[in-house]
Amino acid sequence: MLPAASPRQPLRVHDLVHPVIAGLVSVIVNYGGTFVLVLQAASVAGLSPQLTASWVWSLSIGVGVTGLLLSWRLRAPIITAWSTPAAAFLVTALATTPYAEAIGAYLVSALGFVVLGLSGGFERLIRLIPPGVAAGLLAGILLQFGSRAFAGLNVDPWLAGLLIAAYVLLKRFTARYAVLGILLLGLAFLLARGRLDLSAVTAQLASPVFTMPVFTLNALLSVGLPLFLITLTGQYMPGMLVLRNDGFRTSANPIVAVTGLGSLLMAPFGAHGFNIAAITAAIATGREAHEDPAKRWIAGGGAAGIGYIVVGIFGVTLAALFTALPPTFIATLAGLALLGTIGGSLATALADARTREAALITFLAAAANITLLGIGGAFWGLVIGLAAHALLHGRLQRQLPAVAARGNVTPVEKANA
Numbered sequence: 019m020l021p022a023a024s025p026r027q028p029l030r031v032h033d034l035v036h037p038v039i040a041g042l043v044s045v046i047v048n049y050g051g052t053f054v055l056v057l058q059a060a061s062v063a064g065l066s067p068q069l070t071a072s073w074v075w076s077l078s079i080g081v082g083v084t085g086l087l088l089s090w091r092l093r094a095p096i097i098t099a100w101s102t103p104a105a106a107f108l109v110t111a112l113a114t115t116p117y118a119e120a121i122g123a124y125l126v127s128a129l130g131f132v133v134l135g136l137s138g139g140f141e142r143l144i145r146l147i148p149p150g151v152a153a154g155l156l157a158g159i160l161l162q163f164g165s166r167a168f169a170g171l172n173v174d175p176w177l178a179g180l181l182i183a184a185y186v187l188l189k190r191f192t193a194r195y196a197v198l199g200i201l202l203l204g205l206a207f208l209l210a211r212g213r214l215d216l217s218a219v220t221a222q223l224a225s226p227v228f229t230m231p232v233f234t235l236n237a238l239l240s241v242g243l244p245l246f247l248i249t250l251t252g253q254y255m256p257g258m259l260v261l262r263n264d265g266f267r268t269s270a271n272p273i274v275a276v277t278g279l280g281s282l283l284m285a286p287f288g289a290h291g292f293n294i295a296a297i298t299a300a301i302a303t304g305r306e307a308h309e310d311p312a313k314r315w316i317a318g319g320g321a322a323g324i325g326y327i328v329v330g331i332f333g334v335t336l337a338a339l340f341t342a343l344p345p346t347f348i349a350t351l352a353g354l355a356l357l358g359t360i361g362g363s364l365a366t367a368l369a370d371a372r373t374r375e376a377a378l379i380t381f382l383a384a385a386a387n388i389t390l391l392g393i394g395g396a397f398w399g400l401v402i403g404l405a406a407h408a409l410l411h412g413r414l415q416r417q418l419p420a421v422a423a424r425g426n427v428t429p430v431e432k433a434n435a
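If you read the sequence shown in the working numbering, its first letter stands for residue 19, the second for the next number, and so on.
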């Protein structure tokens, strides 16, 4: 059962602008930056256009509905997304696994998350992570995205330079509209230069296609188990740390259970699983989304959720539109939108001199993006950081939940207010 929501507060028009923009930017970044992995996996599996459109539909509708439900009920910016590292894994896994067997593996993986959420085990694990280590991990994960905003100057100096210069100027004169400004300016620049290739975009509605699952031991071990572990360590763990870093004490239990249940229902239509977002969630959880933390839920409960549902209804149409955006535009937009979160995370990680060493080790290990045993850098950054903290301080202390989202902010936010 979902915990009771905080008291409802009346919303005014100006309360909607910034969280709506933050939610829409997260949708654009998610489709434009990572959705190509889903299309690649569908191609590797030899799926028909109908099955591919069904995969798009199931992911988008599932992500949109769960994000709307969780954000509205918990009054926190819960942006859900498909598992990006899992999609990258499926690009190779589906080459040797029949699609119906993969569907069976998806179901078992999703059931595992339902059980994990209902048992409360994940929430207990999250509370063991020291705040400095959590902030260092988040800063390390996001560092590569922040640096890509400036790396674009090597590839597309005019586009990247325009966005960076406009961002700095807008921050100087109208900081609250900086991200919206560079989004609109960048789109206008691309249209004026004729750089939006819309030839692959065709108007069509998606029709879900049911695939009868087949359960085999080989698929469970080669697809289901890795899918569960990759999503747990690469998505749920950093995603919850994003929320905690920005002061939201929302329990992980309903988030894991609801997204797991949604994945279970959508798996027969192609969804490989969805979860709380990590990178794109950071766009909507910080002060850039809204000065008042109690209003930031609109980013997930309104803009992002509705955006995903609209994309799902139109299948591959809007997905193709997002993927038509130049990679430099997506990377620069995402990096600049995350600058505030990166700065706040670093400030939190290094604030306490006693735990600074462990936090710094965590930050560098996560930024290195180590990949071992098929598991990505977020997991290994956390393992190395926790090991360093335990060795330096002799134990891991149980952490109290972060301050409530409603009306409360992190010490970093108070310092910056």
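Ideal Cβ positions, reconstructed from N, Cα and C, are used throughout, including at glycine.
Next on the checklist: Under 8 Å, with one C-beta from each stretch per pair, do the region 129 to 138 and the region 321 to 328 reach the 3-pair mark?
Outcome noted: no
Item to check | Residue environment, S225, which counts as buried when at least 16 other CB atoms sit within 10 Å | outcome: Stepping through the sequence shown from its first residue, residue 225 is reached at position 207. Burial call: exposed.
Item to check | C-beta atoms of L180 and F207 nearer than 8 Å | outcome: Indexing the sequence shown from 1 puts residue 180 at position 162. Indexing the sequence shown from 1 puts residue 207 at position 189. In this structure, F207 lies closer than 8 Å to L180 by Cβ.
Item to check | Cut-off 7 Å between Cβ atoms - residues of its own chain near I379, not counting five sequence neighbours on either side | outcome: By 1-based counting over the sequence shown, the position of residue 379 is 361. Result list for I379: I402, G403, A406, in chain order.
Checklist entry - Is the region 73 to 85 in contact with the region 188 to 200, if contact means three or more CB pairs nearer than 8 Å? => result no
Item to check | Whole-angstrom C-beta distance between W73 and G330, which should lie under 8 Å | outcome: Counting from 1 along the sequence shown, the entry for residue 330 is found at position 312. Counting from 1 along the sequence shown, the entry for residue 73 is found at position 55. Actually they are not in contact, since the Cβ atoms of G330 and W73 sit about 11 Å apart, beyond 8 Å.
Checklist entry - Assuming L112 contacts A118 under a Cβ cut-off of 8 Å, what Cβ separation, rounded to an integer in Å, is found between them? => result Translated into the one-based positions of the sequence shown, residue 112 becomes position 94. Translated into the one-based positions of the sequence shown, residue 118 becomes position 100. In fact, because the Cβ distance is near 12 Å, the residues do not count as touching under 8 Å.
Next on the checklist: Please tell me whether A408 and T359 are closer than 8 Å, where the distance is taken between their beta carbons.
Outcome noted: Stepping through the sequence shown from its first residue, residue 408 is reached at position 390. Stepping through the sequence shown from its first residue, residue 359 is reached at position 341. Their beta carbons are not under 8 Å apart, which means A408 does not touch T359 by this criterion.
Checklist entry - Can you tell me where the alpha helix (DSSP H) with N263 in it begins and where it stops? => result For the purposes of this step, residue 263 is identified with residue 245 of the sequence shown, where counting begins at 1. 255 to 263 is the extent of the alpha helix (DSSP H) around N263.
Checklist entry - If we call anything under 8 Å between Cβ atoms a contact, is T350 one with A178? => result Mapped onto the sequence shown, residue 350 falls at position 332. Mapped onto the sequence shown, residue 178 falls at position 160. Yes, these two residues count as a Cβ contact at 8 Å.
Checklist entry - What residues are listed by DSSP as bridge partners for T98? => result Residue 98 sits at position 80 when you count from the first residue of the sequence shown. In the DSSP output, where bridge partners are listed per residue, T98 has I294.
Checklist entry - How is L390 classed by DSSP in three states: helix, strand or coil? => result As a working note, residue 390 is residue 372 in the sequence shown. Here L390 sits in strand by DSSP.
Item to check | Cβ distance (whole Å) where V62 is taken to contact A105 below 8 Å | outcome: Stepping through the sequence shown from its first residue, residue 62 is reached at position 44. Stepping through the sequence shown from its first residue, residue 105 is reached at position 87. Wrong, their Cβ atoms sit about 11 Å apart, outside the cutoff.
Next on the checklist: Here's a check: name, in chain order, each residue in its chain whose Cβ is nearer than 8 Å to the Cβ of L343, leaving out the five neighbours to either side.
Outcome noted: Taking the sequence shown and counting its residues from 1, one reaches residue 343 at position 325. Result list for L343: I46, G50, L208, L214, in chain order.
Checklist entry - Going by other Cβ atoms of all chains shown within 10 Å of its Cβ, with 16 needed for buried, is N437 buried or exposed? => result Since the first residue of the chain shown is 19 and the last is 435, residue 437 is not available in this structure.
Item to check | C-beta contact flag for A9 and Y185 at 8 Å | outcome: This structure does not reach residue 9, given that the chain is present from 19 up to 435, and the question cannot be answered.
Checklist entry - So what's P272 in DSSP terms, helix, strand or just coil? => result As a position in the sequence shown, residue 272 is number 254, starting the count at 1. Residue state, collapsed to three classes: helix.
Checklist entry - Do the region 141 to 155 and the region 257 to 273 meet, that is, are 3 or more Cβ pairs less than 8 Å apart? => result yes
Checklist entry - Does the Cβ-Cβ distance between A383 and A367 come in under 8 Å? => result On the sequence shown, residue 383 is found 365 positions in, with the first residue counted as 1. On the sequence shown, residue 367 is found 349 positions in, with the first residue counted as 1. Taking 8 Å as the Cβ cut-off, A383 and A367 do not qualify as a contacting pair.
Item to check | Contact belief for A295 with A99 at Cβ below 8 Å, rounded distance in angstroms | outcome: Taking the first residue of the sequence shown as position 1, residue 295 is located at position 277. Taking the first residue of the sequence shown as position 1, residue 99 is located at position 81. With 8 Å as the limit, A295 and A99 qualify as a contact, their Cβ atoms being about 4 Å apart.
Checklist entry - For L92, does the count of other Cβ atoms within 10 angstroms reach 16, so buried, or fall short, so exposed? => result Position 74 of the sequence shown holds residue 92. So L92 ends up on the buried side.
Next on the checklist: Just verifying my parser: in three-state terms, what is the DSSP assignment at G150?
Outcome noted: Stepping through the sequence shown from its first residue, residue 150 is reached at position 132. If DSSP states are grouped into helix, strand and coil, G150 belongs with the helices.
Checklist entry - So the alpha helix (DSSP H) A385 belongs to, where does it begin and stop? => result Here residue 385 is taken as the residue at index 367 of the sequence shown, counted from 1. It spans 374 to 385 - the alpha helix (DSSP H) in which A385 sits, taken as one unbroken run.
Item to check | For K313, the first and last residue of its enclosing alpha helix (DSSP H) | outcome: Taking the sequence shown and counting its residues from 1, one reaches residue 313 at position 295. It is not in any alpha helix (DSSP H) - K313 carries neither H nor E in the DSSP assignment.
Next on the checklist: Using a Cβ-Cβ cutoff of less than 6 Å, which residues in the same chain neighbour L161 once the five nearest sequence positions on both sides are dropped?
Outcome noted: As a first step, residue 161 must be located in the sequence shown, where it is residue number 143. If we look at L161 and ignore the five residues flanking it on each side, its Cβ neighbours are A385.
Next on the checklist: Need the endpoints of the alpha helix (DSSP H) that G179 sits in, please.
Outcome noted: Numbered from 1 along the sequence shown, position 161 holds the residue referred to as residue 179. Here the alpha helix (DSSP H) through G179 covers 175 to 192.
Item to check | CA-to-CA distance, G362 to N263, given in whole angstroms | outcome: Here residue 263 corresponds to residue number 245 of the sequence shown, with the count starting at 1. Here residue 362 corresponds to residue number 344 of the sequence shown, with the count starting at 1. Near 9 Å, if we compare the C-alpha coordinates of G362 and N263.
Item to check | Unbroken alpha helix (DSSP H) run spanning V329, endpoints | outcome: Position 311 of the sequence shown, counting from 1, holds the residue named residue 329. Its alpha helix (DSSP H) spans residues 323 to 331.
Checklist entry - Mapping DSSP to helix, strand and coil, what is S44? => result Translated into the one-based positions of the sequence shown, residue 44 becomes position 26. Reduced to three states, the DSSP call for S44 is helix.
Next on the checklist: Given this structure, state the Cα-to-Cα distance separating L188 from V197, to the nearest angstrom.
Outcome noted: As a position in the sequence shown, residue 188 is number 170, starting the count at 1. As a position in the sequence shown, residue 197 is number 179, starting the count at 1. Distance between the alpha carbons of L188 and V197 is about 9 Å.
Checklist entry - Are L282 and V173 touching if we call contact CB-CB under 8 Å? => result In the sequence shown, residue 282 corresponds to position 264, counting from 1. In the sequence shown, residue 173 corresponds to position 155, counting from 1. Contact flag unset, no.
Item to check | Nearest-angstrom Cβ-Cβ length linking G278 and A128, presumed shorter than 8 Å | outcome: Sequence index remark: in the sequence shown, residue 278 carries index 260 (1-based). Sequence index remark: in the sequence shown, residue 128 carries index 110 (1-based). The Cβ separation is near 5 Å, so the contact holds.
Item to check | Straight-line Cα distance separating F246 from P37 | outcome: Position 19 of the sequence shown, counted from the first residue, corresponds to residue 37. Position 228 of the sequence shown, counted from the first residue, corresponds to residue 246. Using only the alpha carbons, I get a separation of about 31 Å.
Checklist entry - Does DSSP put P288 in a helix, in a strand, or in coil? => result The count along the sequence shown starts at 1 and reaches residue 288 at position 270. Note on residue identity: the sequence assigns Gly, not Pro, to residue 288. Correct three-state label for G288: coil.
Item to check | Nearest-angstrom Cβ-Cβ length linking L146 and G288, presumed shorter than 8 Å | outcome: Position 128 of the sequence shown, counting from 1, holds the residue named residue 146. Position 270 of the sequence shown, counting from 1, holds the residue named residue 288. That belief does not hold up - the Cβ atoms of L146 and G288 are roughly 36 Å apart, past 8 Å.
Item to check | Nearest-angstrom Cα separation, counted from M230 out to K313 | outcome: Here the question's residue 313 lines up with position 295 in the sequence shown. Here the question's residue 230 lines up with position 212 in the sequence shown. Spanning the two alpha carbons is a distance of roughly 42 Å.
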